[in-house]
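**Q** For the sequence shown, the residue numbers in my numbering are 2 to 925.
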Amino acid sequence: MDSNLEAPPPPDRPAAPRPGDDLLERVPQSSLVRVAALAARSLLTPIALITRRDGSVAGSVGLPEGWPEARGPLPQAALEQVARGELLAVEDAERDPGLRDGPVSGELGAAAWLGVPLCGGDGACVGALSVLDRRARRWEERDAGILRDLAALLSQEVELREAAAASARAAGAAERLEVVTAALAAAATLEDAATVAIEQIGTALGSPAGALAVLDAEAQCLRVVAGRGLSAASLAPYRAIPLSAHLPVTDAVRAAAPVLVESPEEMLARYPAVTSTLNGAFRSWATIPLLVEGVAIGALWLSFEQPRRFGAEDRLLMMTVAGQTAQAIARAQLFEAERQARARAARLEAVAAALSTATTLEQAAQVAVEQITTALGAQGGVLGVLHPDPGAVRVLAWCGVRTARFDSFQVISLDEPLPATDAVRHARPILLSSPGALAACYPHLEDLVEPQLRAWAAIPFLLEERAVGVAWFHFPEPREFTREDEALMMTIGHQAAQAIARSLLFEAERAARAQAESAERRKDEFLAMLGHELRNPLAPILTALELMQRCQDGDGERAGLVGERARVVIERQVRHLERLVDDLLDVSRITRGKIALKPERLHVAELAAKAIELASPLLEQRRHRLEVLMPPEELVVEGDHVRLVQVLTNLLTNAAKYTDPGGHIAVTAEVLGGEVVIRVRDTGAGIPPSLLPHVFDMFVQGPQRLDREKGGLGLGLTIVKRLIEMHGGSVAAHSDGPGKGSEFVVRLPRAAADERGVQPEAGQPGARPPAARRRVLVVDDNDDGAELLAGALTSAGYAVCVALDGPSALDEARRFRPEIVVLDIGLPVMDGYEVAQRLRAEILTDARVVLIALTGYGQEQDRRRALSSGFDEHLVKPASLQQVLGAIAQATARRDPAASGAGHAPGALERNAPGGSSPEPWQC
Numbered sequence: 002m003d004s005n006l007e008a009p010p011p012p013d014r015p016a017a018p019r020p021g022d023d024l025l026e027r028v029p030q031s032s033l034v035r036v037a038a039l040a041a042r043s044l045l046t047p048i049a050l051i052t053r054r055d056g057s058v059a060g061s062v063g064l065p066e067g068w069p070e071a072r073g074p075l076p077q078a079a080l081e082q083v084a085r086g087e088l089l090a091v092e093d094a095e096r097d098p099g100l101r102d103g104p105v106s107g108e109l110g111a112a113a114w115l116g117v118p119l120c121g122g123d124g125a126c127v128g129a130l131s132v133l134d135r136r137a138r139r140w141e142e143r144d145a146g147i148l149r150d151l152a153a154l155l156s157q158e159v160e161l162r163e164a165a166a167a168s169a170r171a172a173g174a175a176e177r178l179e180v181v182t183a184a185l186a187a188a189a190t191l192e193d194a195a196t197v198a199i200e201q202i203g204t205a206l207g208s209p210a211g212a213l214a215v216l217d218a219e220a221q222c223l224r225v226v227a228g229r230g231l232s233a234a235s236l237a238p239y240r241a242i243p244l245s246a247h248l249p250v251t252d253a254v255r256a257a258a259p260v261l262v263e264s265p266e267e268m269l270a271r272y273p274a275v276t277s278t279l280n281g282a283f284r285s286w287a288t289i290p291l292l293v294e295g296v297a298i299g300a301l302w303l304s305f306e307q308p309r310r311f312g313a314e315d316r317l318l319m320m321t322v323a324g325q326t327a328q329a330i331a332r333a334q335l336f337e338a339e340r341q342a343r344a345r346a347a348r349l350e351a352v353a354a355a356l357s358t359a360t361t362l363e364q365a366a367q368v369a370v371e372q373i374t375t376a377l378g379a380q381g382g383v384l385g386v387l388h389p390d391p392g393a394v395r396v397l398a399w400c401g402v403r404t405a406r407f408d409s410f411q412v413i414s415l416d417e418p419l420p421a422t423d424a425v426r427h428a429r430p431i432l433l434s435s436p437g438a439l440a441a442c443y444p445h446l447e448d449l450v451e452p453q454l455r456a457w458a459a460i461p462f463l464l465e466e467r468a469v470g471v472a473w474f475h476f477p478e479p480r481e482f483t484r485e486d487e488a489l490m491m492t493i494g495h496q497a498a499q500a501i502a503r504s505l506l507f508e509a510e511r512a513a514r515a516q517a518e519s520a521e522r523r524k525d526e527f528l529a530m531l532g533h534e535l536r537n538p539l540a541p542i543l544t545a546l547e548l549m550q551r552c553q554d555g556d557g558e559r560a561g562l563v564g565e566r567a568r569v570v571i572e573r574q575v576r577h578l579e580r581l582v583d584d585l586l587d588v589s590r591i592t593r594g595k596i597a598l599k600p601e602r603l604h605v606a607e608l609a610a611k612a613i614e615l616a617s618p619l620l621e622q623r624r625h626r627l628e629v630l631m632p633p634e635e636l637v638v639e640g641d642h643v644r645l646v647q648v649l650t651n652l653l654t655n656a657a658k659y660t661d662p663g664g665h666i667a668v669t670a671e672v673l674g675g676e677v678v679i680r681v682r683d684t685g686a687g688i689p690p691s692l693l694p695h696v697f698d699m700f701v702q703g704p705q706r707l708d709r710e711k712g713g714l715g716l717g718l719t720i721v722k723r724l725i726e727m728h729g730g731s732v733a734a735h736s737d738g739p740g741k742g743s744e745f746v747v748r749l750p751r752a753a754a755d756e757r758g759v760q761p762e763a764g765q766p767g768a769r770p771p772a773a774r775r776r777v778l779v780v781d782d783n784d785d786g787a788e789l790l791a792g793a794l795t796s797a798g799y800a801v802c803v804a805l806d807g808p809s810a811l812d813e814a815r816r817f818r819p820e821i822v823v824l825d826i827g828l829p830v831m832d833g834y835e836v837a838q839r840l841r842a843e844i845l846t847d848a849r850v851v852l853i854a855l856t857g858y859g860q861e862q863d864r865r866r867a868l869s870s871g872f873d874e875h876l877v878k879p880a881s882l883q884q885v886l887g888a889i890a891q892a893t894a895r896r897d898p899a900a901s902g903a904g905h906a907p908g909a910l911e912r913n914a915p916g917g918s919s920p921e922p923w924q925c
C-alpha cells in the first residue's frame with residue numbers, strides 16, 4: 002500500500018520507517034557528516050545537511066547546538082520538489098514571503114540554499130543533500146554539479162552497503178533454507194512439518210505468530226494443524242474453515258497465490274469480516290499457499306507487529322519455504338495414509354478372524370460389536386439384527402454400555418426416527434460428529450443421551466444391498482469422521498453382515514439336520530407302528546379263518562355259529578384296515594395335491610350332527626358325556642361335505658381316544674368376525690408343551706404304552722390341518738399340559754346366508770349357454786382338474802378337447818380349431834402366457850376366439866400380464882363352474898355379440914393323453 006495513504010501510528014508506537022529511509026540508516030553517521038562537510042567546504046557555505054524524505058536530519062555540519070534531528074529545517078514545498086528529483090535552488094529568501102519567516106531564514110539566518118536529491122540503487126529518491134548560505138547568493142551550474150557529485154558518492158556508498166546487506170541476507174536466507182530443508186526432511190508427521198515451517202519462516206521474517214492449515218480429504222475445508230504465538234481461543238474459529246469463506250487463507254488456496262495485507266486499514270477494506278477477530282498487536286499479514294505441482298494443498302499465514310511492505314526477497318523466501326513445506330506435508334500425508342491403510346488392514350483382518358470363529362447368531366453379534374468397537378476406537382456399541390422380522394431391529398449384543406439401558410427395549414421398529422433405523426433405511430452410515438450434530442438431526446434424542454457422549458456412528462450391515470443388521474457406537478470426544486472412516490465402517494459392516502448370514506445358515510443347517518433326523522426317526526417309528534397296527538387286525542382275521550377251516554367238517558349248527566362270529570370279526574378288522582389305508586391314502590393325496598374338493602353351501606349344525614353320528618360308537622364305548630352348543634342363527638360355510646365331516650369326526654374320535662372313560666367332550670360353534678369358529682374340547686390326557694407345536698405334524702403321537710391301546714397311525718390331525726387349509730381356514734391346538742385336557746379350534750370363512758339356493762338366470766354367470774355346440778380347448782397340467790373341467794363343460798353343451806402342456810395345446814388347437822380356450826398359466830415346457838401369444842399370432846387368428854386364463858396366480862400384476870398377453874378374462878383357482886361359464890359368456894359377448902345368443906347341442910369329451918376315464922362332476 003502507498004505510504005501516503007496509511008493512517009499515522011498510535012502515539013505510543015514509534016513511527017514506522019518509510020520505504021527507502023532504512024537505506025540512509027544503513028550508512029554510518031560519520032560518512033554522512035563527512036559528505037556534508039565536503040559539501041560545505043566545496044561551496045564555501047556555513048551549513049550543509051543531509052535530510053530524509055520526511056525532512057528529518059540524517060547528518061549535518063554547521064547546525065546550531067541541540068538542533069532536534071527530527072525537526073527538518075526545509076519547508077514542505079522544498080521537500081516535495083526534491084522528492085520529484087528536481088534541483089532545489091533559492092538565491093534570496095527575503096524576496097519570497099513564504100520562505101522569509103521559515104526556520105531556514107528565521108532561525109538559521111540563511112538567505113540562500115541549494116539542494117539535490119539523494120537516490121537509491123533503483124533510482125528512487127531517499128532524501129536530499131543541501132547547503133545553506135547566510136547571504137544572498139547566485140548559484141552556478143558548477144555549484145549544482147559539485148553537490149550532484151557528492152550525492153552520487155553517497156548513493157554509491159548506499160548501494161555498496163545495500164549490496165552487502167543483500168548479500169548477507171541472501172547468505173542468511175540460504176542458511177535458513179538449509180536449516181528448513183533439514184528440519185522438514187526429518188519431519189515424519191504432518192504436524193511436525195507444519196510446526197517446522199511456521200517456526201523457521203516466522204523467525205526469518207520476524208513474525209511472532211502464525212498458523213498452517215491443510216485441505217481435508219474432500220477438499221472442501223481447511224483444517225489448522227499447527228500454530229505459533231497464538232492462543233487456542235484465537236485459533237478456535239479457524240480449526241475448520243470452509244473453502245467457500247472469504248478469508249485471506251481461503252483466497253490464497255483458491256487462487257494458488259500469496260495474499261499480502263500490509264496494514265490494518267487494508268485488512269479492513271479487503272476482509273471486513275476478519276477485522277473484528279484481529280489481535281490488536283498485529284499490523285500486517287502474509288498468507289502463502291502450499292503448492293504441489295501447482296495445486297494448493299493448504300496455506301500458512303504469518304502475523305507481523307508492524308505495517309510492512311513485502312519485498313521481492315520476502316516473497317521469494319516465503320514461496321521457497323512454502324514449496325518445501327508443501328512437499329514435506331504431501332510426503333507426510335502419504336506416509337500417514339500408508340500407515341492408516343496398514344492399520345485398517347490389520348483391524349479388518351482382526352475383525353474377520355474373530356468373526357470366522359462365530360457359529361451362532363448370538364456369538365457372531367457379540368464378536369462383531371466388540372471387534373468393531375475396538376477397530377473404531379469407540380467407547381461402546383450396540384448391535385441388532387433384522388431377524389426374524391425384517392421390519393424391526395432386534396438388539397442382540399452390546400459392549401461398553403450398561404445392561405440396564407436395554408431393559409425397556411429389545412426390539413426397535415424401523416419406523417422409529419433414530420440413527421440406527423435411518424442407517425438401515427438409507428443403506429449408509431449415519432455419522433454425528435458432535436452433540437450439536439445430534440441436536441440438529443435428532444432433537445428428540447438430545448435429552449436422552451448421556452452427557453459424556455460426544456459423537457455417534459450408526460453402521461448398516463449390508464449383504465447384496467440388503468440390510469441384515471445394524472450397529473451404533475458412541476465416542477467420548479467430538480470426532481470429525483473422514484471418508485476413510487466411512488469406508489472402513491462399510492467394509493466392517495459387510496464383514497459383519499457376512500458373519501450374520503453365515504451364522505443364520507449354520508443355524509438353518511443345524512435346524513434342517515435336526516428336522517431331518519427327527520423326520521427319519523418318526524418315519525422309523527411310524528413303520529414300526531404301521532407294522533404293529535397292520536398285524537393287530539391280521540391276527541384275529543387269521544385266527545377266524547383257521548377256526549372256520551376247522552369247523553367245516555363238524556356240526557353244521559356249530560359251524561354256522563362259528564362262521565357267523567368269524568365273519569363279524571373279519572368284517573370289523575377289515576373295516577379297521579380300511580380306515581388305516583384310507584388315512585394313508587388321504588395323506589398321500591393331500592400331500593400331492595390330488596384331492597379335489599366339491600364345494601357347496603353347508604350348515605355347521607348338520608356337519609356336527611353327521612360327525613357325532615360317525616363317532617358315536619367310540620363315544621358310547623368309552624361312556625363319554627357329549628355336550629353340543631350351537632347358536633340359534635344359521636351358520637353356513639362353503640366346503641366339501643365329506644371332507645368337513647371327516648375333519649370333525651377325526652377331532653371327536655381323537656378326543657374320545659385320549660380321554661379316560663367317563664370323560665366330558667364339548668362341541669361348540671360361534672361367529673367371530675367373518676369366520677365360523679368350531680371348538681372341540683375334552684377333559685382328557687392333555688398335550689405336553691414340548692409336543693404342542695408339533696401335534697399337526699405327520700406321524701406325531703403322544704406317549705403310549707407298548708400295548709398301544711389308543712391305536713392309529715398319527716395321521717388324523719395332519720389330515721385335519723391340510724383339509725381345513727384347503728378350505729381357506731385354520732386349525733389350532735391348545736392345552737394347559739398333561740392331564741388338563743385339550744381344545745382344538747377350527748376357523749372357516751363364513752358364507753353369506755342370503756346366497757343359499759340362488760340359481761343363475763339366463764345371461765348371468767353360470768347360466769347354461771345357448772344350444773349351438775361350440776368348441777372349447779381345456780389346457781391344464783393337472784390331469785384331474787383338466788378332466789373334471791372338461792366333463793363339466795361337456796355337460797353344459799360344449800364340445801371339449803383337453804391338452805396337458807403347451808406344445809400339446811398348440812397341436813390340438815391346429816387340429817380342433819377351438820372357439821374358446823380355457824388355459825392354465827403354470828404349464829410345463831411352455832407357460833400359459835407364451836401359449837396364448839402363439840395361439841393369437843399363429844393359429845387362432847380369428848378375432849372372435851376367446852381365451853380364458855384359469856390360474857393359481859391371483860395378484861393384480863398377474864391379471865394385468867394375462868390381459869396384455871391376449872387373454873380376455875383372468876380367473877383365479879379355485880373357480881366354480883358358474884364363474885367359468887360366466888367368464889366365457891361375457892368374453893364371447895364382447896368379441897362376437899351375434900354368437901352369444903346361438904344355441905348349443907350336447908358335445909363329447911376328447912383327450913390327447915392316454916388313460917382317459919369318465920369325468921366326475923367338476924369341482925374347483
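Beta carbons: idealized from backbone N, C-alpha and C, even for Gly.
#1: From the DSSP output, read off the bridge partner residues of CYS400.
#2: Using three-state DSSP, classify ARG229 as helix, strand or coil.
#3: Should ALA426 be labelled buried (16 or more other beta-carbon atoms within 10 Å of its own) or exposed?
#4: Under the assumption that HIS475 contacts GLY381 (Cβ atoms under 8 Å), give the Cβ distance between them as a whole number of angstroms.
#5: Hey, THR190 and ALA129: beta-carbon distance below 7 Å or not?
#6: Is there contact here, the segment 300 to 309 with the segment 213 to 228, by at least three beta-carbon pairs under 8 Å?
#7: Counting only the same chain and skipping the five closest in sequence on each side, list residues whose C-beta sits under 7 Å from that of ARG839.
#8: So, for ALA376: in the same chain, excluding its five sequence neighbours on each side, which residues have a beta-carbon less than 8 Å away from its beta-carbon?
#9: Using three-state DSSP, classify ARG709 as helix, strand or coil.
#10: Assign PHE305 to buried or exposed, taking buried as 16 or more other Cβ atoms, counted over all protein chains shown, within 10 Å of its Cβ.
#11: Just reading off the alpha helix (DSSP H) that CYS126 is part of, what are its end residues?
#12: Under 6 Å Cβ to Cβ from ALA49, same chain only, skipping five residues before and after it: list those, please.
#13: Do LEU75 and GLY56 come within 7 Å of each other at the CB atom, strictly closer than that value?
#14: What is the DSSP secondary structure of PRO436, counted as helix, strand or coil?
#15: Where does the unbroken alpha helix (DSSP H) through HIS427 begin, and where does it stop?
#16: Just mark ASP873 as buried or exposed, buried being the case when its beta carbon has 16 or more other beta carbons within 10 Å.
#17: Tell me which residues share the same chain as LEU433 and place their Cβ nearer than 7 Å to its Cβ, disregarding the 5 neighbours each side in the sequence.
#18: At what residues does the beta strand (DSSP E) containing VAL296 begin and finish?
#19: Under a three-way DSSP split, which group does ALA459 fall into?
#20: Report the option in ASP897, ALA753, LEU33 whose CA atom is closest to the CA atom of GLY60.
#21: Which of the three DSSP states is assigned to PRO750 in this structure?
#22: Using only CA atoms, which one of LEU185, THR360, ALA237, ALA892 lies nearest to ALA329?
#23: Mind the definition here: the segment 155 to 167 touches the segment 191 to 208 only if three or more C-beta pairs lie below 8 Å; say whether that holds.
#24: When the Cα atoms are used, what is the spatial distance from LYS711 to ALA686?
#25: In three-state terms, what does DSSP make of PRO541?
#26: For GLY798, which of helix, strand or coil comes out of DSSP?
#27: Could you name each continuous alpha helix (DSSP H) segment of 4 residues or more that falls completely within the segment 185 to 219, going from the start of the chain to the end?
#28: Hey, how far is the Cα of ARG748 from the Cα of MET727?
#29: Going by the beta-carbon positions, is the gap between VAL469 and ILE501 smaller than 7 Å?
#30: If you measure between the beta carbons of ALA752 and VAL638, is that distance less than 7 Å?
#31: Pick helix, strand or coil for PHE474, following the three-state DSSP scheme.
#32: Does the segment 728 to 741 touch the segment 660 to 672, meaning 3 or more C-beta pairs lie closer than 8 Å?
#33: Run the CB neighbour count on ALA567, radius 10 Å, all protein chains shown included, and call it buried at 16 or more, exposed below.
#34: State the Cα-Cα distance for the pair THR684 and ALA733, rounded to the nearest angstrom.
#35: Starting from THR251, follow the alpha helix (DSSP H) in both directions and report where the run begins and ends.
#36: Assuming LEU248 and VAL275 are in contact, meaning their beta carbons sit under 8 Å apart, how far apart are those beta carbons, in whole angstroms?
**A** For this structure:
#1: GLY382
#2: In this structure, ARG229 counts as strand in the three-state DSSP scheme.
#3: Residue identity check: residue 426 is Arg in the sequence provided, not Ala. That one is exposed.
#4: 6 Å
#5: no
#6: yes
#7: Same-chain partners within the cutoff: LEU811.
#8: ARG348, LEU349, ALA351, VAL352, LEU489, ILE493
#9: Legend: pLDDT at ARG709 = 37, less than 50; position of this residue unreliable, no value from coordinates given.
#10: Counting every other CB atom within 10 Å of its CB across the protein chains shown gives PHE305 a total of 16 or more, marking it as buried.
#11: That residue, CYS126, is in no alpha helix (DSSP H); its beta strand (DSSP E) goes 126 to 134.
#12: ALA37, ALA40, ALA41, VAL62, VAL132
#13: Yes. Within cutoff.
#14: If DSSP states are grouped into helix, strand and coil, PRO436 belongs with the helices.
#15: 420 to 427
#16: Buried, because 16 or more other Cβ atoms sit within 10 Å of the Cβ of ASP873.
#17: PRO420, LEU439, CYS442, ALA456, TRP457
#18: 296 to 305
#19: strand
#20: LEU33
#21: strand
#22: When each option's Cα is compared against that of ALA329, the closest is LEU185.
#23: Judged by pairs of C-beta atoms under 8 Å, the segment 155 to 167 does not touch the segment 191 to 208, as fewer than three such pairs exist.
#24: Low per-residue confidence applies at LYS711: pLDDT is 47, beneath 50, and the placement is therefore not dependable enough to give any value.
#25: helix
#26: coil
#27: 191 to 206
#28: Going by the C-alpha atoms only, they are around 12 Å apart.
#29: Contact flag set, yes.
#30: yes
#31: strand
#32: no
#33: buried
#34: 17 Å
#35: Residues 249 to 256.
#36: 6 Å
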